[in-house]
Amino acid sequence: MSRPLLTVACALWLVACGGRDSDAAVQAQTAPGAPMPPAAVVVNETPAGQRIEADVRVLADDAMAGRETGTPGFDSAAEHVALRFAESGLQPAGDDGSWFQRVPLVRAVADPAAATLSVSRNGRTIALRPNDQFLPMPDFNAVEGEVTAPAVFVGQAIHAPELGHDDFSGVELQGRIAVVFGGAPRGFEPNPQAHYASLRTKTDAVVARGAVGLVLVNTVDDEAGMPWARSVAQAERPAMRLRDADDRPVDAPAQLRASARVAATAADLVFADGPRSAAQLFEAARAGTLKPFALPGTLTLRTRSRIDTLESRNVLGVLPGRDAARAGESLVHTAHLDHIGTGTPVDGDAIYNGALDNALGVAILIEAARTLAESDTAPARSTVFAALTAEEQGLLGAEWLARHPPAKAGRLVANLNIDMPILTAPTRDIVAIGSEHSTLSAAVTQAAGEVGVEVSPDPFPEEVAFVRSDQYAFVRAGIPALYLDAGVAPANDDQKPKIAATWFLRNCYHQPCDQVDLPIQYGDAARMAQVVVALTRIVGDADAPPRWNDGDFFGTRFGSRPAR
């Protein structure tokens, strides 16, 4: 799970998830490089669990080469899912009667060696060093990018009048370069904090005010969670955006002629001769007291990017609803099929297989589809099953599906997403992240009761994982959604699911060791598929489709958009 504009946020989430427990023994047990906590013997005797395991083994096999979007490995995985959908009895819901929905993409990689960032003030020019002190951001519109302009520091680039906060007050950004910190004030509640911390939200805000360049400056707190060296290592990976009918990149404004990220250690060079030092600004960010100001002189930023186009595809199947009056409404189930491909070898292994992230989620999706399709009675509403592309590139497959639902789906009224269920220790519960924002909460409680499992609250609510996987693309389209995740309540006294999850996040998340030799609890996975089936029937047979709760942050912000 991740997205380009959330790459740093996801890495911060990884560290925060792992660092919550202050007990020294737990810290030692889950530290990077620590041995795996004691694992239960995996006994997989149920047919459902065996089917799920078989699909995980295929999708996370080395032959798939990590299922990176746009690669033959991903395409092979998509063919496997389409075959399983067909065997289950679903109907194809892709383009032209096929199982596949075309997802057009543009791909870009910035070249740090060809980039320059300089500060001209008071008769001197300060040149920052690429890689060591700054990294150019890829440009999706032009191979060569260049801008020289006055710069304005606009805090965290947040305009939130409902919270009495405006980082743009009293400054002019038209024709200037926006200098921005990441994150959002600690005083914000978790949901608005996550929304306003998004680079996409910040970019939209500075573009709306006329900025022609963007410089995102890391703080020391940013790099406590995402070290600069890791940012440099990831800079080689391509970034992607959706491509519209005119072959233009979506959500990549050409108005920003160049963009870059600056290391915290070089922040003082950006703010040199300004009214406040980087250290003062870092402290103000912690205190929530940042104020905007114009910087003296000008900044010059030049970038070079390699740009090409490609296509990937979502795998779509549909189970038509049994009731003519409600069959034109669909609950859409999603799990992302892509992972991050190959990379730096670790202990000689360069294939990042993604067994938990998210072959297991896709396998659970396939099992739920099979169960529903083979049942004597379909839900009243239609059900769409989607194995999505390009989640790791920014929820792009999900966004394309939310914007272009297939004709057989009718109107999308709810989304249930499964992503990276860390089922490596036995549990007796599930977690339904985000269900509290809508009437889906009652449906989850009922479904769990029917299956005989508990519903635990989000164990890490301050991380707001609700905005960090494919369900958020549907939320932004105004569609109530939830993120079904692994539970945390231990089924025995010997294995602690929360510790097991923390160990995975610290040691195997986006690493080659996320593979099938992990102690995956396929019985728990089969039970999660049962919850999906029960939830589908409850939502699918309800008199009214799900709706946002009155006054909910996401419902208020996005819920007025017509459901697609």
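Numbering (my numbering), first residue to last: 1 to 564.
Glycine included, each C-beta is placed from N, C-alpha and C at the ideal position.
Just so we're clear, the structure is a prediction, and the values are computed from it rather than from any experiment.
8 angstroms CB neighbourhood of residue i in its chain, flanking five on each side removed
| i | result |
| --- | --- |
| SER560 | GLY478 |
| LEU360 | ILE52, VAL56, MET420, PRO421, LEU423, ILE520, ALA525 |
| SER76 | ALA63, MET64 |
| ALA489 | THR427, ARG428, ASP429, GLU454, SER456, PRO497 |
| VAL171 | VAL152, VAL154, PRO292, PHE293, ALA294 |
| GLN575 | Because the chain in this structure spans residues 1 to 564, residue 575 falls outside the shown range and cannot be described. |
| PRO275 | PHE293 |
| LEU395 | ARG3, SER469, ASP470, TYR472, ALA473 |
Nearest candidate by alpha-carbon position, reference residue i, set the options
| i | options | result |
| --- | --- | --- |
| GLU283 | PRO227, ARG186, ARG200, ARG302 | ARG186 |
| GLY321 | ARG537, VAL43, TRP228, SER98 | ARG537 |
| GLU68 | PRO35, ALA263, SER277, ASN353 | ASN353 |
| ARG306 | GLY145, GLY328, LYS202 | GLY145 |
| SER259 | LEU535, ALA380, VAL179 | VAL179 |
| ALA443 | ARG428, ALA77, GLY155, VAL532 | VAL532 |
| LEU163 | GLN174, ALA149, ALA184 | ALA184 |
| LEU316 | GLY33, GLN50, ARG84, GLU392 | ARG84 |
| THR389 | ALA473, VAL215, ARG276, VAL464 | ALA473 |
| THR439 | VAL539, GLU392, GLU391, ASN492 | VAL539 |
| VAL207 | ARG176, ARG237, ARG230, ASP493 | ARG176 |
| TRP400 | ARG243, PRO161, ALA324 | ARG243 |
| ASP382 | ARG547, LEU173, ALA369 | Checking the displayed sequence, the identity of residue 382 turns out to be Ser instead of Asp. Nearest of ARG547, LEU173, ALA369 to SER382, Cα basis: ALA369. |
| PRO112 | ALA373, ASN131, GLU329, TRP503 | ASN131 |
| ASP517 | ALA34, VAL109, VAL42 | VAL42 |
Cβ neighbours of residue i in the same chain (closer than 7 angstroms, five flanking residues each side left out)
| i | result |
| --- | --- |
| ALA114 | ARG304 |
| ASN141 | PRO249, ALA252, ALA254 |
| ALA534 | ALA447, GLU450, VAL451 |
| LEU310 | GLY70, LEU105, ARG107 |
| PRO461 | PRO190 |
| THR445 | VAL455 |
| ILE499 | VAL26, GLN29, THR30, PRO37 |
| MET137 | ALA110, SER259, ALA260, ARG261 |
| GLN50 | ASN44 |
Contacting residues, own chain, Cβ-Cβ under 6 angstroms from residue i (five flanking each side not counted)
| i | result |
| --- | --- |
| ASN122 | ASP273 |
| MET528 | ILE364 |
| PHE554 | HIS437, VAL475 |
| SER22 | Low local confidence applies: a pLDDT of 45 at SER22 is under 50, so the model's placement there is unreliable, with the coordinate-based value given in what follows. Contacts found: none. |
| ALA86 | none |
| GLN133 | ALA263, ALA266 |
| VAL58 | HIS80 |
| GLY19 | Confidence at GLY19 is low in this model, with a pLDDT of 33, below 50, so the placement of that residue should be treated as unreliable; the coordinate-derived value is given next. So no residue of the chain qualifies. |
| ASP268 | ALA278 |
For residue i, three-class secondary structure by DSSP
| i | result |
| --- | --- |
| MET240 | strand |
| GLU391 | coil |
| LEU34 | Note that residue 34 is Ala in the sequence shown, not Leu. Residue state, collapsed to three classes: coil. |
| THR203 | helix |
| ASN191 | helix |
| HIS159 | strand |
| GLU367 | helix |
| VAL58 | helix |
| GLY566 | What the structure shows of the chain is the stretch from 1 to 564, and residue 566 is not part of that stretch, so it cannot be assessed. |
| VAL179 | strand |
| VAL43 | coil |
| GLN234 | helix |
| PHE168 | coil |
| ALA544 | coil |
| PHE153 | strand |
| PRO130 | strand |
| TYR522 | helix |
| PRO490 | strand |
| VAL531 | helix |
| ALA184 | coil |
| ASP485 | strand |
| PRO72 | helix |
In DSSP terms, what residue i is bridged to
| i | result |
| --- | --- |
| HIS333 | PHE385, LEU416 |
| GLN515 | None; GLN515 has no bridge partner. |
| ASP429 | GLU454 |
| THR377 | According to DSSP, THR377 bridges with nothing at all. |
| ASN314 | GLN101 |
| THR148 | THR300 |
| GLN174 | Bridge partners of GLN174: none, in fact. |
| LEU372 | According to DSSP, which records beta bridges pairwise, LEU372 is partnered with nothing at all. |
| ARG411 | GLU329 |
| ALA135 | The question names Ala, but residue 135 is Leu in the sequence shown. ARG261. |
| PRO92 | GLY317 |
Proximity test, Cβ basis, 7 angstroms: residue i and chain B
| i | result |
| --- | --- |
| ASP376 | The chain labelled as chain B is not found in the depicted structure, where only one protein chain is given. |
* For the region 247 to 305, list the beta strand (DSSP E) runs that are entirely contained and at least 3 residues long, ordered along the chain. => 258 to 262
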